[in-house]
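According to this note's numbering, the sequence shown holds residues 331 to 851 in order.
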Amino acid sequence: MAHARLTVTPSDIIAPVSPRLFGSFVEHMGRAVYTGIYEPGHATADERGFRRDVLELVQELGATVIRYPGGNFVSGFRWEDSVGPVAERPTRLEVAWHSIETNEVGLHEFADWAETAGVEVMNAVNLGTRGIEDAASLLEYSNHPENTALSEQRRANGRDEPFGITLWCLGNEMDGPWQIGHKTADEYGRLAAETGRVMKWIDPGIELVAAGSSNADMPTFGTWEKTVLEHGIDVFDHISLHAYYEETNGDVDSFLASGVGLDRYIRRVADIIRETLDAHGSDRTIGISVDEWNVWNQTRFNEIDKPPLFAGGWNEHPRIIEDEYTVTDAVVVGSLLMSLLRNSDVVSMANLAQLVNVIAPIRSEPDGPAWRQTTFHPFALTARFAQGSVVRSTVEADEQSTAGYGAVPLLDAVALADGDETTLLLVNRSTTEALEVAVDVEGAPVASVLHQRTLGVPDGGSRHSSNSQSEPDAVLPLDLGIVTVDDGAARAVLPALSWSIVRLATPRTTSTITTPGTDNV
Ligand code: AHR
Numbered sequence: 331m332a333h334a335r336l337t338v339t340p341s342d343i344i345a346p347v348s349p350r351l352f353g354s355f356v357e358h359m360g361r362a363v364y365t366g367i368y369e370p371g372h373a374t375a376d377e378r379g380f381r382r383d384v385l386e387l388v389q390e391l392g393a394t395v396i397r398y399p400g401g402n403f404v405s406g407f408r409w410e411d412s413v414g415p416v417a418e419r420p421t422r423l424e425v426a427w428h429s430i431e432t433n434e435v436g437l438h439e440f441a442d443w444a445e446t447a448g449v450e451v452m453n454a455v456n457l458g459t460r461g462i463e464d465a466a467s468l469l470e471y472s473n474h475p476e477n478t479a480l481s482e483q484r485r486a487n488g489r490d491e492p493f494g495i496t497l498w499c500l501g502n503e504m505d506g507p508w509q510i511g512h513k514t515a516d517e518y519g520r521l522a523a524e525t526g527r528v529m530k531w532i533d534p535g536i537e538l539v540a541a542g543s544s545n546a547d548m549p550t551f552g553t554w555e556k557t558v559l560e561h562g563i564d565v566f567d568h569i570s571l572h573a574y575y576e577e578t579n580g581d582v583d584s585f586l587a588s589g590v591g592l593d594r595y596i597r598r599v600a601d602i603i604r605e606t607l608d609a610h611g612s613d614r615t616i617g618i619s620v621d622e623w624n625v626w627n628q629t630r631f632n633e634i635d636k637p638p639l640f641a642g643g644w645n646e647h648p649r650i651i652e653d654e655y656t657v658t659d660a661v662v663v664g665s666l667l668m669s670l671l672r673n674s675d676v677v678s679m680a681n682l683a684q685l686v687n688v689i690a691p692i693r694s695e696p697d698g699p700a701w702r703q704t705t706f707h708p709f710a711l712t713a714r715f716a717q718g719s720v721v722r723s724t725v726e727a728d729e730q731s732t733a734g735y736g737a738v739p740l741l742d743a744v745a746l747a748d749g750d751e752t753t754l755l756l757v758n759r760s761t762t763e764a765l766e767v768a769v770d771v772e773g774a775p776v777a778s779v780l781h782q783r784t785l786g787v788p789d790g791g792s793r794h795s796s797n798s799q800s801e802p803d804a805v806l807p808l809d810l811g812i813v814t815v816d817d818g819a820a821r822a823v824l825p826a827l828s829w830s831i832v833r834l835a836t837p838r839t840t841s842t843i844t845t846p847g848t849d850n851v
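Next up, the structure:
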């Protein structure tokens with residue numbers, strides 16, 4: 331058995347837990363929309379054609395903000411195609427994913443669905459093939475109350491009140507050569523800043539997300555952020571960061587340390603933001619919007635699935651990147667979400683990419699059922715129980731060496747404090763050994779365990795197990811009784827390769843609280 335010590339300091343607050351960290355993403359891509367959230371004729375479809383079974387799972391997942399309509403899709407999208415009478419909407423070649431887009435679902439339908447689901451829409455504008463005028467028109471159409479041609483068009487299309495969309499992404503992954511209308515940092519930075527300025531003149535209440543790097547290995551990473559921020563330091567409210575992880579060449583130890591990679595990536599972007607703001611003498615705050623993150627077997631997509639897709643015919647909602655997630659993937663997703671919480675002093679938003687069918691926690695079959703993938707569970711449990719504040723915790727643990735990130739502690743941990751409760755998120759990165767963790771909550775002795783769930787490899791199970799249409803609940807989080815309490819301290823024995831959430835009753839004995847940027851008093 332390996333060993334670790336976790337010391338939680340509830341008085342040392344990193345940041346209040348923001349609901350915006352539990353966002354997700356619906357792109358007009360593959361079967362995310364069509365036969366995903368929308369399938370008229372399905373046994374559970376509502377009067378507008380939206381699947382109630384999928385909607386219920388979205389609500390159970392606890393997603394808060396949904397980015398829409400892309401992704402790579404948005405860089406060739408003409409938003410006007412997707413409003414007005416459905417029968418009159420044009421069918422288009424969708425070049426980003428080599429598909430046919432019917433525009434049957436557009437802004438009005440998606441906003442209605444989002445309202446029913448209780449989620450906020452985060453809308454992206456096309457800065458690939460289009461620019462200022464298009465973005466300004468879409469914003470006016472969406473958010474201006476009435477008495478202009480565009481706002482009256484929206485009203486004529488059935489929506490009297492403005493959509494009131496606050497969050498706007500200025501394009502998508504414009505640093506990537508795969509992007510329609512790919513740009514240099516200067517080209518993009520200037521366009522995004524000028525577009526953003528006009529958008530804020532139309533609606534000063536909006537928040538703008540500039541497109542940052544598509545991943546930390548982009549050759550332009552770092553200079554891209556600095557250059558883009560230089561152009562729009564006065565207008566951007568967030569800059570995005572996209573991060574996908576996969577297990578390559580069977581290197582599971584590096585894969586399980588993906589959270590370390592995300593921590594480093596986030597802190598590097600945070601440093602660039604700080605340095606650029608300081609250089610401009612600006613006291614603004616610019617947050618990091620991790621608006622695409624997940625596990626994605628990209629190597630398989632690029633080498634095996636993509637060539638025939640792009641060489642083949644043009645089809646409506648083809649099956650694209652419907653990754654079936656394993657126990658290992660779920661542990662990594664849990665740990666990536668822990669990284670987002672740990673860094674929530676600088677991460678302002680995050681979107682699990684994506685929501686349904688396309689690298690998604692929820693799967694659905696046409697005319698068939700919907701089910702939860704393994705990755706659904708750590709996300710849903712974290713979204714449900716992450717309350718209060720993320721607080722500082724210190725890990726001392728046995729380590730393992732990884733090719734990707736050097737030596738990493740076997741224990742990954744995040745602590746949350748909410749009144750007299752402390753919630754721990756714990757990952758054992760060892761694939762072979764259980765990990766005993768001695769937990770000490772400073773100034774708040776552990777009285778009892780309120781709730782515990784573990785997702786891992788049960789006895790005789792495989793780390794490659796997944797949920798499927800025929801076995802939707804093969805992998806579930808279980809109460810394995812891994813935590814015991816003795817004399818004010820807790821002891822957890824984390825199974826090899828596992829993610830756990832543990833809620834502890836921790837009545838405080840002191841009321842000393844440190845908020846970020848103030849001295850402890
Ligand atoms: O989420 C799938 C794709 O990944 C998105 O369209 C794109 O932004 C990213 O490369």
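Ideal placement from N, C-alpha and C gives every residue a C-beta, glycine not left out.
These numbers come from a predicted model, not from an experiment.
Check the Cα spacing between Gly526 and each of Gly786, His568, Phe640, Ile367: the tightest is with His568.
About 6 Å separates the Cβ atoms of Pro648 and Gly360, confirming a contact at the 8 Å cut-off.
Counting C-beta pairs closer than 8 Å gives fewer than three between the region 584-592 and the region 610-619, which falls short of the contact rule. Distance from the CA atom of Ala700 to the CA atom of Glu390, rounded to whole angstroms, is 13 Å. Taking a C-beta distance under 8 Å as the contact criterion, Leu740 and Ser760 qualify as a contact pair. In this model, Ala774 and Glu766 are separated by some 21 Å (Cα to Cα). In this structure, the beta-carbon distance from Ser354 to Leu711 does not fall below 8 Å. One Cα belongs to His781, the other to Arg833, and the distance between them is close to 5 Å. In the pairwise beta carbon analysis, the region 418-428 is classified as touching the region 396-404: at least three pairs are separated by under 8 Å. Here the C-alpha atom of Ile462 lies approximately 10 Å from the C-alpha atom of Leu468. Restricted to the region 460-543, the beta strand (DSSP E) segments that are unbroken, complete and at least 3 residues in length are 497-500, 537-540, listed in chain order. Gln799 sits in coil when the DSSP states are folded into three classes, being neither helix nor strand. Nearest to Val725 by alpha-carbon distance, out of Thr337, Leu670, Ala332, is Thr337. Shown here, Ile634 sits in a helix according to DSSP, grouped into three states. Annotation: Leu351 to Asn681 spans about 7 Å, alpha carbon to alpha carbon. Annotation for Gly400 indicates a beta carbon within 7 Å of some heavy atom of the ligand AHR. Judged by beta-carbon spacing, Ala362 lies within the 8 Å limit of Asn687, meaning their Cβ atoms are closer than that value. For Thr753, the closest C-alpha among the options Pro807, Glu729, Gln717, Asp728 is that of Gln717. Across the structure, Glu482 and Glu476 are spaced so that their CA atoms are roughly 6 Å apart. As for any beta strand (DSSP E) of minimum length 3 sitting wholly inside the region 571-650, the runs are 617-625, ordered along the chain. For the pair Asp464 and Val455, the CB atoms are nearer than the 8 Å cut-off. Placement of the Cβ of Ser544 at a distance of less than 7 Å from at least one heavy atom of the ligand AHR is found. Phe355 sits in a strand when the DSSP states are folded into three classes.
According to DSSP, Tyr364 shares a beta bridge with Tyr368.
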